[in-house]
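Asks:
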Amino acid sequence: MTRYFTDRLAKYIVSISGAVSFVILLAIAVFILKDGLPAFKEIGVFDFLFGTVWRPGQEQYGILTMIVGSVVVTIGSLILAVPLGIACAILLAEVAPFKVRQVLRPCVELLVGIPSVVYGLVGLVLLVPAVREIGGNGFSVLAASIVLMAMVLPTIISISEDSIRAVPPSYKEGALAIGATHWQTIRQVLLPAAKSGIGASIVLGMGRAVGETMAMIMVIGNSIVFPKTPLDPARTLTGNIAVEINYATGVHESALFATGIVLFIFILALNSIAVISLKRGTHAQTLT
Amino acid sequence: MVYIWGGGFITVLILLVVIGYVLVQGIPSITLDFLLTPPGGGLSGEGGISTVIVSTFYLVVVTIVILVPIGLGAAIYLAEYAPDNRLTRLIRYGVETLAGVPSIIFGLFGFALFVTALHFNFSILSGALTLVCLLLPTMIRTSEEAIKSVPYAHREGALALGVTRWQMVSRVLLPTALPGIVTAIILCIGRAIEETACLYVTLGGSAAMPSSLLSGGRTLSLHVFYLAMETRAFDKAMATGAVLIITIIAINTLTNWLSYRFQKRMRGTA
Chain L
1 MTRYFTDRLA KYIVSISGAV SFVILLAIAV FILKDGLPAF KEIGVFDFLF GTVWRPGQEQ
61 YGILTMIVGS VVVTIGSLIL AVPLGIACAI LLAEVAPFKV RQVLRPCVEL LVGIPSVVYG
121 LVGLVLLVPA VREIGGNGFS VLAASIVLMA MVLPTIISIS EDSIRAVPPS YKEGALAIGA
181 THWQTIRQVL LPAAKSGIGA SIVLGMGRAV GETMAMIMVI GNSIVFPKTP LDPARTLTGN
241 IAVEINYATG VHESALFATG IVLFIFILAL NSIAVISLKR GTHAQTLT
Chain Y
1001 MVYIWGGGFI TVLILLVVIG YVLVQGIPSI TLDFLLTPPG GGLSGEGGIS TVIVSTFYLV
1061 VVTIVILVPI GLGAAIYLAE YAPDNRLTRL IRYGVETLAG VPSIIFGLFG FALFVTALHF
1121 NFSILSGALT LVCLLLPTMI RTSEEAIKSV PYAHREGALA LGVTRWQMVS RVLLPTALPG
1181 IVTAIILCIG RAIEETACLY VTLGGSAAMP SSLLSGGRTL SLHVFYLAME TRAFDKAMAT
1241 GAVLIITIIA INTLTNWLSY RFQKRMRGTA
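Protein chains in written order, with the working numbering: chain L, 1 to 288; chain Y, 1001 to 1270.
Below you can see the structure in the form of structure tokens.
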């Protein structure tokens, strides 16, 4: 009975591709740990994480400046993107008539699809000279934050919109029935009910911002200094890896992998927070 | 309310500035000549993008050829075969986690395994294998969704006729889910074209015509990066960027059209 044979064969093949995928995922973790952990041992966890001097030539590897750089641009981009993104999400979920939504939604989708180098290029050509007018040499935390804002907006908009839409209609009807205006309903009923989803969207946006590489290299200047004002240059963790990996050897290379581990832990923590917050949101809504 | 409309307005404005600026600056320089001549000697910024288009195409084809069998197989396994035990939950968790990991970390991995340990050096092969790892979560998740969205009655109907499970999967589920699976593949092609960071550290960036799997290359997005950062040839960078954006818009439109048809089909047969 060949068809039973085929059936069993297919089952094995399909199971094997499942296993292969899992092995690949595992291999990624193993390889990065294997190459990065020696650096922690060599340099010392404390010196590596809190050292402020990164001079591979002199065997000094401290990534605190880069951690600060990443954190600062991420916060900067969120300060710009969160108010805009939530406004846009409310617009899409509640306020806009059908026609406006049909224009706006593809725009948001397209924002996701634009390659990060294109954002970087536009930032380099338009933003950097504009920032230079204000002060400094233009390659700055400010320019980087604005570029990142455009890149995290779609994440914040689409997940916030979904969570506002997921609020049971009875909430809205109840609010309107007791005489609240549309705006009062949005602010005092819908947004609080959707707050865990909106929170998750911000955390996921944060993850995207921390992980962004190419656009950051292009506009942030990549100098290893603590930025004191938004007009100062900085360097991010991702930029540090990308700029130096091609010529690094020995401890230097290992230190870059260790930078990758730090980045990975950041992202893992952010994603877990987002997942928990989303789950709690749906749980709260199904309870009522 | 002004605040809310303002948010939407600014979002559209950002899109218009980014896309509009690149297209307006870039499209005038896109000529047949630009598309068909190789980039002139290394870093000069002269010439066109012919070899870059070939490299991009080459890389995408190799990536998809490796990615689709593994990803689709894993998706079928997770959707139809996998028992609900600790191992499958672990696989699912792994897939979900990796979907959020930044590109540069995949780049590090590709650099350590393919470029260094396996001695593929900076090459199309290294780049493609790295991309496979990066895209695997997307491919698995999207095609698993497509397979799962086939109405349950289809499965029961087929099994009631006495076919084996594989016959049910291959003759009923896969053909019905095909547009969804094609959408998943196109989505991955789009992301492969957009991707830069993980290729920056695995592909090498040679502007020469790739002759084999082991020759280096640069994709359109990498070319934009090199032109802007090393050559400072902004006009060429804009033109390449415009080609890139037009490609992405075409891919987006195709995906939307396909998934619209897929949803219609699912509703029609449910």
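The C-beta atom is built at its ideal place from N, Cα and C for all residues, glycine as well.
#1: In chain Y, what lies closer than 8 Å to K11 (chain L) by C-beta?
#2: With 16 other CB atoms within 10 Å as the buried threshold, where does D1084 (chain Y) fall?
#3: Got a sec? Which residues, its chain only, sit under 8 Å from Y171 (chain L) by beta carbon, not counting five neighbours each side?
#4: In or out: V1017 (chain Y) buried (at least 16 other Cβ within 10 Å) or exposed?
#5: Is the beta carbon of A255 (chain L) sitting closer than 8 Å to the one on I43 (chain L)?
#6: How many angstroms separate the CA atom of Q1263 (chain Y) from the CA atom of Q1167 (chain Y)?
#7: Can a CB atom of chain L be found closer than 8 Å to the CB of T1056 (chain Y)?
#8: Could you check what DSSP says for A135 (chain L) in three-state terms: helix, strand or coil?
#9: On the CB-based measure, 16 or more other CB atoms within 10 Å of its CB, does A1153 (chain Y) come out buried or exposed?
#10: So what's P1039 (chain Y) in DSSP terms, helix, strand or just coil?
#11: Check each candidate in L:L204, L:L237, L:S272 and name the one with the smallest Cα separation from A258 (chain L).
#12: So, helix, strand or coil for A1228 (chain Y), using DSSP?
#13: Nearest to P291 (chain L) by CA position, among L:G18, L:V14, L:I13, L:V128, is which residue?
#14: Nearest chain L C-beta to L1015 (chain Y) closer than 8 Å, yes or no?
#15: Does the region 1188-1200 of chain Y come within contact of the region 1212-1228 of chain Y, defined as at least 3 CB pairs closer than 8 Å?
#16: Can you check whether the C-beta of T288 (chain L) is within less than 8 Å of a C-beta belonging to chain Y?
#17: Between T1255 (chain Y) and T1183 (chain Y), is the Cβ-Cβ spacing less than 8 Å?
#18: Leaving out five residues on either side along the sequence, give the residues of the same chain with a beta carbon under 6 Å from the beta carbon of F1114 (chain Y).
#19: Taking CB distances under 8 Å as the criterion, tell me whether P115 (chain L) reaches chain Y.
#20: Distance check for K228 (chain L) and G221 (chain L), CA to CA, integer angstroms please.
#21: Is it buried or exposed, A1270 (chain Y), if we count other Cβ atoms within 10 angstroms and call 16 or more buried?
#22: Going by C-alpha distance, which of L:V14, L:P56, L:E133, L:D47 is nearest Y247 (chain L)?
#23: In angstroms, rounded to a whole number, what distance separates the CA positions of Y1200 (chain Y) and V1052 (chain Y)?
#24: Answer with buried or exposed for F266 (chain L), where buried requires no fewer than 16 other C-beta atoms within 10 angstroms of its C-beta.
#25: Residues bridged to R55 (chain L) by DSSP?
#26: Could you give the first and the last residue of the continuous alpha helix (DSSP H) run that contains E1194 (chain Y)?
#27: Return the first residue and the last residue of the alpha helix (DSSP H) that K11 (chain L) is part of.
#28: I want to see whether chain L comes within less than 8 Å of L1244 (chain Y), judged by CB atoms only; does it?
#29: Our contact map puts F1111 (chain Y) next to L1203 (chain Y) with C-beta atoms below 8 Å; I'd like the distance itself, whole angstroms only.
#30: Taking C-beta pairs closer than 8 Å, name the residues in chain Y that A166 (chain L) reaches, listed in chain order.
#31: I need the DSSP call for G1006 (chain Y), collapsed to helix, strand or coil.
#32: Considering only the alpha carbon of each residue, which of L:T185, L:I178, L:V45, L:S272 lies closest to G207 (chain L)?
#33: Measuring only between beta-carbons, confirm whether E109 (chain L) sits less than 8 Å from chain Y.
Replies: According to the data block:
#1: Numbered from 1 along the first sequence, position 11 holds the residue referred to as residue 11 (chain L). The answer, in chain order, is Y1081, R1165, W1166.
#2: Taking the first residue of the second sequence as 1, we reach residue 1084 (chain Y) at position 84. Answer is exposed; the Cβ neighbour count stays below 16.
#3: As a first step, residue 171 (chain L) is located in the first sequence; it is residue number 171 there, counting from the start. If we look at Y171 (chain L) and ignore the five residues flanking it on each side, its Cβ neighbours are V189, L190, A193.
#4: As a working note, residue 1017 (chain Y) is residue 17 in the second sequence. The residue in question, V1017 (chain Y), is exposed, as its Cβ has fewer than 16 Cβ neighbours within 10 Å.
#5: The residue labelled residue 255 (chain L) in the question sits at position 255 within the first sequence. The residue labelled residue 43 (chain L) in the question sits at position 43 within the first sequence. Result yes, Cβ atoms of A255 (chain L) and I43 (chain L) sit closer than 8 Å.
#6: For the purposes of this step, residue 1263 (chain Y) is taken as the residue at position 263 of the second sequence. For the purposes of this step, residue 1167 (chain Y) is taken as the residue at position 167 of the second sequence. If you take the alpha carbons of Q1263 (chain Y) and Q1167 (chain Y), they lie about 24 Å apart.
#7: The residue labelled residue 1056 (chain Y) in the question sits at position 56 within the second sequence. Not one chain L Cβ lies under 8 Å of T1056 (chain Y).
#8: In the first sequence, residue 135 (chain L) corresponds to position 135, counting from 1. One detail in the question is off: residue 135 (chain L) reads as Gly in this sequence, not Ala. In this structure, G135 (chain L) counts as coil in the three-state DSSP scheme.
#9: Taking the second sequence and counting its residues from 1, one reaches residue 1153 (chain Y) at position 153. The residue is exposed, with fewer than 16 neighbouring Cβ atoms inside 10 Å.
#10: In the second sequence, counting from the first residue as 1, residue 1039 (chain Y) sits at position 39. In this structure, P1039 (chain Y) counts as strand in the three-state DSSP scheme.
#11: Walking along the first sequence from the start, residue 258 (chain L) turns up at place 258. Comparing C-alpha distances from A258 (chain L) to each of L:L204, L:L237, L:S272 shows the shortest one belongs to L:L237.
#12: Within the second sequence, numbered from 1, the residue matching residue 1228 (chain Y) stands at position 228. Correct three-state label for A1228 (chain Y): helix.
#13: Outside the displayed range of chain L (1 to 288) lies residue 291 (chain L), so it cannot be described from this structure.
#14: In the second sequence, residue 1015 (chain Y) corresponds to position 15, counting from 1. Yes, contact with chain L.
#15: yes
#16: Counted from its first residue, the first sequence places residue 288 (chain L) at position 288. With a pLDDT of only 48 at T288 (chain L), under the threshold of 50, the placement of this residue in the model should not be trusted, and no figure is reported.
#17: By one-based count along the second sequence, residue 1255 (chain Y) stands at place 255. By one-based count along the second sequence, residue 1183 (chain Y) stands at place 183. A distance below 8 Å separates the beta carbons of T1255 (chain Y) and T1183 (chain Y).
#18: The count along the second sequence starts at 1 and reaches residue 1114 (chain Y) at position 114. Correct list, in chain order: F1120, S1126, L1129.
#19: On the first sequence, residue 115 (chain L) is found 115 positions in, with the first residue counted as 1. Yes - at least one Cβ of chain Y is within 8 Å of the one on P115 (chain L).
#20: Counting from one through the first sequence, the residue named residue 221 (chain L) turns up at place 221. Counting from one through the first sequence, the residue named residue 228 (chain L) turns up at place 228. Whole-angstrom Cα-Cα distance: 14 Å.
#21: Numbered from 1 along the second sequence, position 270 holds the residue referred to as residue 1270 (chain Y). At A1270 (chain Y) the pLDDT is 45, less than 50, meaning the model places this residue with poor confidence and gives no usable figure here.
#22: Position 247 of the first sequence holds residue 247 (chain L). With distances taken between Cα atoms, Y247 (chain L) lies closest to L:P56.
#23: In the second sequence, the residue the question calls residue 1200 (chain Y) occupies position 200. In the second sequence, the residue the question calls residue 1052 (chain Y) occupies position 52. Rounded to the nearest angstrom, the two C-alpha atoms are 14 Å apart.
#24: Against the first sequence, residue 266 (chain L) aligns to sequence position 266. So F266 (chain L) counts as buried.
#25: In the first sequence, residue 55 (chain L) corresponds to position 55, counting from 1. Its beta-bridge partners are L:Q60.
#26: In the second sequence, the residue the question calls residue 1194 (chain Y) occupies position 194. Where E1194 (chain Y) is concerned, the enclosing alpha helix (DSSP H) stretches over 1174-1194.
#27: Locating residue 11 (chain L) in the first sequence gives position 11, where the first residue counts as 1. 2-43 is the extent of the alpha helix (DSSP H) around K11 (chain L).
#28: Taking the first residue of the second sequence as 1, we reach residue 1244 (chain Y) at position 244. It does: the Cβ of L1244 (chain Y) has a partner Cβ on chain L nearer than 8 Å.
#29: What you label residue 1111 (chain Y) is simply residue 111 of the second sequence in a count that begins at 1. What you label residue 1203 (chain Y) is simply residue 203 of the second sequence in a count that begins at 1. The pair is not a contact, with the Cβ atoms about 11 Å apart (cut-off 8 Å).
#30: Taking the first residue of the first sequence as 1, we reach residue 166 (chain L) at position 166. By Cβ distance, chain Y contributes nothing, its closest Cβ being about 18 Å from A166 (chain L), past 8 Å.
#31: As a position in the second sequence, residue 1006 (chain Y) is number 6, starting the count at 1. G1006 (chain Y): helix per DSSP, three-state reduction.
#32: Residue numbering aside, residue 207 (chain L) sits at position 207 when the first sequence is read from its first letter. If we check each option's Cα against that of G207 (chain L), L:S272 comes out closest.
#33: Start at 1 with the first residue of the first sequence, and residue 109 (chain L) comes out as number 109. Yes, its Cβ sits closer than 8 Å to a Cβ of chain Y.
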